[in-house]
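Chemist:
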Amino acid sequence: MTDDRPAPHRQPDEADQPLDPRTPDERAAAAFDDGPADRGADSAHSDTSTFDQTAFAAAVDEDHDARERERRESEARVAEARARDDHEREAREAEAREAEAREAEARQRDVEDRERREREAREADARERDERDRRAREEETARQSQSQPIYVQAPVPPEKRGNRGFGVLIAVVAVILFALLYSLGTALLASVRNTDAFGEVFGRYIASPIFYVPTIAFLVLFVLLALLVNRGGWWAFVLGGLPVAILVYAAYVGTRLLQGGVMDLAPSEQALLLQRTVTFPDGILAGFLARELVTWLGAGISARGRRIKAKNVEARAEYDRKLAEQPDHR
């Protein structure tokens, strides 16, 4: 009879073991059970040997698995403890850094507060020194003013502005208009019957004394009136325009009579020549233009005169006010 048991030096593996349909719990319970007492020696010996080998291998595997499981659990606990320690260490380091940051911020605030207090103290000292200096200067000025007389420059009286220059300028413009209108009007009156003679009459007329003598008379009379009126109102030019027109008309009549040789004529002929001359339309036109130009251009002169008069009044009032403010204006 051969012995089927494995050699003592070799651990039986699963290939040497027969398949057992029992559960692991049943196999574990049967490993500690000797079985029925009436079993045969051979069968008992064979069954016990085979069963014991299987139970031993299962127990070894379970112990190995348990140890592996315990080892893994221990390693997991160690890893967890290590991770917890790392987390706590990182938390402590973060708290330490935050504490250092707060401490540094507090130190920075303390430094800034100290600098601000020092700056405010310096500014307060500077203001106090300035105030002391200002009071000292005021006291010194007060002492000097009490001991020395104060000389105040008296205001200069304003000069009255006139309107004569503007009046003369307007008179020059007026005489240009007078010469233009007077020559054109006379040429038109002379060429009523013959329109082709307008240019010839115009050229001959402006070169004759009966044109430029009334024109010069108008210029002189208007300038004199503007110088006389100065800043006067429009009524002065309205009233002054009438004698200017009469004198211009008289200059025309006198020039026309001299051209007619009135000095060589008999008294009756002189009267007839005068009667005819005073009715010439160009003489009447000269007087009319002189009257209207003085009246309407004088309005512009008088308007500027009113403005100048108002400015003179304002300047005088300002002078009186400054004079009244002087301590010894008497």
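Each residue of the sequence shown is one higher than the one before, counting from 1 in UniProt numbering. In this text, a Cβ means the ideal position worked out from N, Cα and C, and glycines have one as well.
Just the Cα atoms here: how many angstroms apart are Asn-312 and Lys-160?
Modeler: The residue labelled residue 312 in the question sits at position 312 within the sequence shown. The residue labelled residue 160 in the question sits at position 160 within the sequence shown. Those two C-alpha atoms are separated by around 6 Å.
Chemist: Could you work out which residue in Leu-258, Ser-183 and Ser-74 is closest to Pro-281 when comparing CA atoms only?
Modeler: Within the sequence shown, the letter at position 281 stands for residue 281. Ranking the options by Cα distance to Pro-281, first place goes to Ser-183.
Chemist: Return the Cβ separation of Leu-221 and Val-244 in integer angstroms, given the expectation that the two are a contact with Cβ distance under 8 Å.
Modeler: Walking along the sequence shown from the start, residue 221 turns up at place 221. Walking along the sequence shown from the start, residue 244 turns up at place 244. Confirmed, Cβ separation roughly 4 Å.
Chemist: Please report the distance separating the alpha-carbon of Gly-199 from that of Gly-185.
Modeler: Counted from its first residue, the sequence shown places residue 199 at position 199. Counted from its first residue, the sequence shown places residue 185 at position 185. If you take the alpha carbons of Gly-199 and Gly-185, they lie about 12 Å apart.
Chemist: Counting beta carbon pairs with one atom in the stretch 302-311 and one in the stretch 202-213, are three or more of them shorter than 8 Å?
Modeler: With a cut-off of 8 Å, the stretch 302-311 and the stretch 202-213 do not count as touching, because too few Cβ pairs lie within range.
Chemist: Of all the options Leu-219, Pro-155 and Val-223, which has the alpha carbon lying nearest to the alpha carbon of Arg-321?
Modeler: Walking along the sequence shown from the start, residue 321 turns up at place 321. It is Pro-155 whose Cα lies nearest to the Cα of Arg-321.
Chemist: Check whether the stretch 284-304 and the stretch 226-242 touch, using three or more Cβ-Cβ pairs below 8 Å as the test.
Modeler: Contact holds: three or more Cβ-Cβ distances are below 8 Å.
Chemist: Just to confirm, is the Cβ distance from Thr-277 to Leu-257 under 7 Å?
Modeler: By one-based count along the sequence shown, residue 277 stands at place 277. By one-based count along the sequence shown, residue 257 stands at place 257. Yes, the Cβ-Cβ distance between Thr-277 and Leu-257 is below 7 Å.
Chemist: Starting from Phe-202, follow the alpha helix (DSSP H) in both directions and report where the run begins and ends.
Modeler: Start at 1 with the first residue of the sequence shown, and residue 202 comes out as number 202. Note, Phe-202: alpha helix (DSSP H), 198-206.
Chemist: Leu-293 and Ala-174: beta carbons closer than 7 Å?
Modeler: For the purposes of this step, residue 293 is taken as the residue at position 293 of the sequence shown. For the purposes of this step, residue 174 is taken as the residue at position 174 of the sequence shown. Contact: yes.
Chemist: DSSP on Phe-178, reduced to helix/strand/coil?
Modeler: Taking the first residue of the sequence shown as position 1, residue 178 is located at position 178. Helix, per DSSP.
Chemist: From Ile-267 to Leu-224, what distance separates their C-alpha atoms?
Modeler: For the purposes of this step, residue 267 is identified with residue 267 of the sequence shown, where counting begins at 1. For the purposes of this step, residue 224 is identified with residue 224 of the sequence shown, where counting begins at 1. With the sequence shown as reference, residue 267 is identified as Pro, and Ile is not the correct amino acid for it. So the alpha carbons of these two residues sit roughly 35 Å apart.
Chemist: Which first and last residues belong to the alpha helix (DSSP H) in which Glu-159 is found?
Modeler: Within the sequence shown, residue 159 is the residue found at index 159, counting from 1. Looking at the DSSP string, Glu-159 is not in any alpha helix (DSSP H), and its letter there is neither H nor E.
Chemist: Beta-carbon separation of Tyr-252 and Ala-197 under 7 Å?
Modeler: For the purposes of this step, residue 252 is taken as residue 252 along the sequence shown, with counting starting at 1. For the purposes of this step, residue 197 is taken as residue 197 along the sequence shown, with counting starting at 1. No. Outside cutoff.
Chemist: Flag Leu-323 as yes when its Cβ comes closer than 6 Å to any non-hydrogen atom of the ligand HEM, and as no otherwise.
Modeler: Absence of the ligand HEM is noted for the structure shown, with no ligands found whatsoever.
Chemist: Rounded to whole angstroms, what's the CA-CA distance from Ala-226 to Phe-166? Just pull it up for me.
Modeler: Along the sequence shown, one-based indexing puts residue 226 at 226. Along the sequence shown, one-based indexing puts residue 166 at 166. Approximately 9 Å, taken between the alpha carbons.
Chemist: Could you tell me the distance, in whole angstroms, from the CA atom of Arg-129 to the CA atom of Arg-89?
Modeler: The residue you call residue 129 lines up with position 129 of the sequence shown. The residue you call residue 89 lines up with position 89 of the sequence shown. Spanning the two alpha carbons is a distance of roughly 59 Å.
Chemist: Skipping 5 residues on each side, what residues in its chain have a beta carbon closer than 8 Å to that of Glu-98?
Modeler: In the sequence shown, the residue the question calls residue 98 occupies position 98. So the list is empty, once near-sequence residues are dropped.
Chemist: When DSSP labels each residue in this structure, what does Asp-34 get in the three-state scheme?
Modeler: Taking the sequence shown and counting its residues from 1, one reaches residue 34 at position 34. Here Asp-34 scores only 47 on pLDDT, less than 50, and its place in the model should not be relied on; the value that follows carries that caveat. Three-state result, Asp-34: coil.
Chemist: Who are the near neighbours of Ala-250 in its chain, counting only those whose CB is closer than 6 Å to its CB and skipping five residues on each side?
Modeler: For this step, residue 250 is matched to residue 250 along the sequence shown. Answer for Ala-250: no residue qualifies.
Chemist: Grouping DSSP H, G and I as helix and E and B as strand, with all else coil, what is Asn-312?
Modeler: Locating residue 312 in the sequence shown gives position 312, counting from the first residue. The answer is helix: DSSP assigns Asn-312 an H, G or I state.
Chemist: Hey, would you say Ser-208 sits closer than 7 Å to Val-201, going by beta carbons?
Modeler: As a working mapping, residue 208 is identified with position 208 in the sequence shown. As a working mapping, residue 201 is identified with position 201 in the sequence shown. No, they are not a contact pair.
Chemist: What residues in its chain sit with their C-beta under 6 Å from that of Arg-164, if we drop five residues either side in the sequence?
Modeler: As a working mapping, residue 164 is identified with position 164 in the sequence shown. Excluding residues within five positions, the ones whose Cβ falls inside 6 Å are Leu-227 and Asn-230.
Chemist: So Pro-158 packs on Ala-315, CB below 8 Å; how close in whole Å?
Modeler: Residue numbering aside, residue 158 sits at position 158 when the sequence shown is read from its first letter. Residue numbering aside, residue 315 sits at position 315 when the sequence shown is read from its first letter. Between Ala-315 and Pro-158 the Cβ distance is about 4 Å, and since that is below 8 Å, they are a contact.
Chemist: Rounded to whole angstroms, what is the Cα-Cα separation between Glu-112 and Asp-125?
Modeler: Stepping through the sequence shown from its first residue, residue 112 is reached at position 112. Stepping through the sequence shown from its first residue, residue 125 is reached at position 125. The straight-line gap from Cα to Cα measures roughly 20 Å.
Chemist: Just the C-alpha distance for Ala-317 and Trp-234, rounded to the nearest angstrom, thanks.
Modeler: To locate residue 317, count along the sequence shown from 1; it is residue 317. To locate residue 234, count along the sequence shown from 1; it is residue 234. So the two alpha carbons sit approximately 25 Å from each other.
Chemist: Quick one: grab the DSSP three-state call for Arg-231.
Modeler: Taking the sequence shown and counting its residues from 1, the one referred to as residue 231 is at position 231. Residue state, collapsed to three classes: coil.
Chemist: Short check: CB of Ala-290 to CB of Phe-218, under 7 Å?
Modeler: Walking along the sequence shown from the start, residue 290 turns up at place 290. Walking along the sequence shown from the start, residue 218 turns up at place 218. Yes, the pair counts as a contact, with Cβ atoms nearer than the cut-off.
Chemist: For my contact list, Val-262 and Gln-275 are in at a C-beta cut-off of 8 Å; report their separation, rounded to the angstrom.
Modeler: Here residue 262 refers to the residue found at position 262 when the sequence shown is read from its first residue. Here residue 275 refers to the residue found at position 275 when the sequence shown is read from its first residue. The Cβ separation is near 12 Å, so there is no contact.
Chemist: Hey, Ala-179 and Tyr-205 are a contact pair by Cβ (cut 8 Å); roughly how many whole angstroms apart?
Modeler: Start at 1 with the first residue of the sequence shown, and residue 179 comes out as number 179. Start at 1 with the first residue of the sequence shown, and residue 205 comes out as number 205. About 11 Å separates the two Cβ atoms, so there is no contact after all.
Chemist: Applying the criterion that 16 or more other CB atoms from any shown protein chain within 10 Å of the CB defines a buried residue, is Thr-141 buried or exposed?
Modeler: What you label residue 141 is simply residue 141 of the sequence shown in a count that begins at 1. The residue is exposed, with fewer than 16 neighbouring Cβ atoms inside 10 Å.
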